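To start, the structure under review is shown below, and the notes come after it.
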Amino acid sequence: MLFTCHKALFLTRQFLQPYLGEMPVNYSLRYGFQYEQYLNSIGWAINVQCYVPVINLFLIHPVMIFVLYSNRPSMSRGIFWGYILTEIGVILFDVCTFFVRIYFIAPFAAIYCEGPICRMGLQKSIIMTILSIAIVTNIPCFIFLLVRMHQAITADLNPRWKFKEWFYRLLFFNNWSIQILSTQYALFAFVSVAVGLNVPGFALFAKESDDSLELYKQPELEWLLSRGGTIFLFGDYGKPQYFIYELYVLGVTLITVAPPVVFFFVQSMHSLRLTKKIALSTKTQAMAQRMFQVFLWQMTGAFFCMIMPVSLLFIFIMFDLRWFVPDAPSTFLRFICLTLKLITETMVRKLFGRTSFSMSSFVASSGYTTSQAAT
Numbered sequence: 340m341l342f343t344c345h346k347a348l349f350l351t352r353q354f355l356q357p358y359l360g361e362m363p364v365n366y367s368l369r370y371g372f373q374y375e376q377y378l379n380s381i382g383w384a385i386n387v388q389c390y391v392p393v394i395n396l397f398l399i400h401p402v403m404i405f406v407l408y409s410n411r412p413s414m415s416r417g418i419f420w421g422y423i424l425t426e427i428g429v430i431l432f433d434v435c436t437f438f439v440r441i442y443f444i445a446p447f448a449a450i451y452c453e454g455p456i457c458r459m460g461l462q463k464s465i466i467m468t469i470l471s472i473a474i475v476t477n478i479p480c481f482i483f484l485l486v487r488m489h490q491a492i493t494a495d496l497n498p499r500w501k502f503k504e505w506f507y508r509l510l511f512f513n514n515w516s517i518q519i520l521s522t523q524y525a526l527f528a529f530v531s532v533a534v535g536l537n538v539p540g541f542a543l544f545a546k547e548s549d550d551s552l553e554l555y556k557q558p559e560l561e562w563l564l565s566r567g568g569t570i571f572l573f574g575d576y577g578k579p580q581y582f583i584y585e586l587y588v589l590g591v592t593l594i595t596v597a598p599p600v601v602f603f604f605v606q607s608m609h610s611l612r613l614t615k616k617i618a619l620s621t622k623t624q625a626m627a628q629r630m631f632q633v634f635l636w637q638m639t640g641a642f643f644c645m646i647m648p649v650s651l652l653f654i655f656i657m658f659d660l661r662w663f664v665p666d667a668p669s670t671f672l673r674f675i676c677l678t679l680k681l682i683t684e685t686m687v688r689k690l691f692g693r694t695s696f697s698m699s700s701f702v703a704s705s706g707y708t709t710s711q712a713a714t
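If you count the sequence shown from 1, you need to add 339 to reach this note's numbering.
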């Protein structure tokens, strides 16, 4: 079996030889890094993070913005601006990806980056602040879009569950001066503040541990440093000394933000089930089904594009999983995280453009007007 694995690696390297570097292979590396050095997969990942954002910025994003503006008359104003805000967020994320170019180095409680700003000698706190802003910006924009999509689905299917009325009844808001505020914008502001707290958290707590100089002597980290990038070494395996406090803040943020998203999804499914029990036109039911499909695909894309790879990264930072994940699976997990982060990002952008065009075209053909979708 071992001979077969080495033979497969040899044949793979021979096939990819024109694309691989000439760096000598250090077979003493652990945790699967010897395979990554042998195949120069880090170089591939860094190059992809250079080319993919450029393609997104100069091809995919302009097409999506054109599709949105060309179909604006047939779309709800809230859904339109939800897409625009989400698009701004992912554009910022693409720009950050191009300039930072991170690489997951589990099982170490660390992150490696090799982008231009990681080679400029900037303070690590500045780099982490830039990275956190790019990540955080996407969350409130996407949740605002989900709220608008939820309202478009439930507006005619189950009017008593309109978010504004439900929110007022829950919090007993009877004062007219409070009711004139848009609840959805209030939720957007609340989520923005909640996730925004992570930016100073990254800036303050994304510091290297006190024993980082000793930890840098490990062969895997020495090899990475020889590439010229920057390592954010938060501590020993599963023991981030200072960064653990930011992970606590992030955990509280997720606990705060996740329940509304789950509620919107479950309640939308419940409303769709009601279509079989209430007298609605065929067009209205078909429109709701189509919009729910868009809603489902967007949530699925967000899960695989952002939540899963980031969760795997932070799990390896918080816990020492060397006993549980040997060399080959470690390599596979690092590869999966990067694949989900890089490839799925592009697919999600295409998906958002395709679904927004599909939804707006269907709305126009169904005669579903802006006033019907607005809350």
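All C-beta atoms, glycine included, are put in the ideal place defined by N, C-alpha and C.
None of these values were measured; they are calculated from a predicted model.
The beta-bridge partner set that DSSP reports for Thr569 consists of Cys452. Ala545 has its alpha-carbon roughly 15 Å from the corresponding atom of Phe655.
In this structure, the straight-line span from the alpha carbon of Gly382 to that of Met657 is close to 27 Å. Here Phe603 is not near Leu526, since their CB atoms are 8 Å or more apart.
Ile594 carries a helical assignment under DSSP once its states are collapsed to helix, strand and coil. Nearest neighbour of Pro599 by Cα position, chosen from Glu559, Val530, Trp636, Thr639, turns out to be Val530.
Under the three-state reduction of DSSP output, Lys578 falls in the strand class. The Cβ-Cβ distance between Pro446 and Leu660 falls below 8 Å.
In this structure, Phe438 is the residue among Phe438, Tyr555, Pro558 with its C-alpha nearest to the C-alpha of Leu461. For Ile441, the enclosing beta strand (DSSP E) stretches over residues 441-443. Of all C-beta pairs linking the region 416-427 to the region 449-465, fewer than three are shorter than 8 Å, placing the two stretches out of contact. The residue from Ala448, Leu431, Cys452, Val434 with its alpha-carbon nearest to that of Arg440 is Cys452.
Look at Gly428 here: in three-state DSSP terms it is helix. Going by DSSP, Ser409 is part of the alpha helix (DSSP H) stretching over 400-409. Under the criterion of beta carbons closer than 8 Å, Gln376 and Trp562 qualify as touching, at roughly 7 Å.
Check the Cα spacing between Val532 and each of Met488, Phe573, Ile465, Thr592: the tightest is with Thr592. Taking the Cα positions, Ile465 is about 45 Å away from His609. Sorting Leu652, Ala448, Ile478, Thr436 by C-alpha distance to the C-alpha of Leu554 places Ala448 at the top. For the pair Phe432 and Asn477, the CB atoms are nearer than the 8 Å cut-off. A distance below 6 Å between beta-carbons, with the five flanking residues on each side excluded, links Tyr581 to the following residues of its chain, in chain order: Phe544, Lys546. Rounded to the nearest whole angstrom, the CA to CA distance from Pro648 to Asn410 is 33 Å.
Each residue's CA atom was taken as its position, placing Tyr576 and Ile482 some 34 Å apart. At a Cβ-Cβ threshold of 8 Å, Phe571 and Ser548 do not count as neighbours. The residues Gly417, Ile418, Gly421, in chain order, have a CB closer than 6 Å to that of Arg487 in the same chain once the five nearest residues on each side in sequence are set aside. With contacts defined by Cβ atoms closer than 8 Å, Ala542 and Met467 form a contacting pair. DSSP, read as helix, strand or coil, puts Ser551 in helix. For the pair Ile427 and Cys480, the CB atoms are nearer than the 8 Å cut-off. In the DSSP assignment, Met657 falls within the alpha helix (DSSP H) that extends over 647-657. DSSP places Asn379 in the coil class of the three-state scheme, outside both helix and strand.
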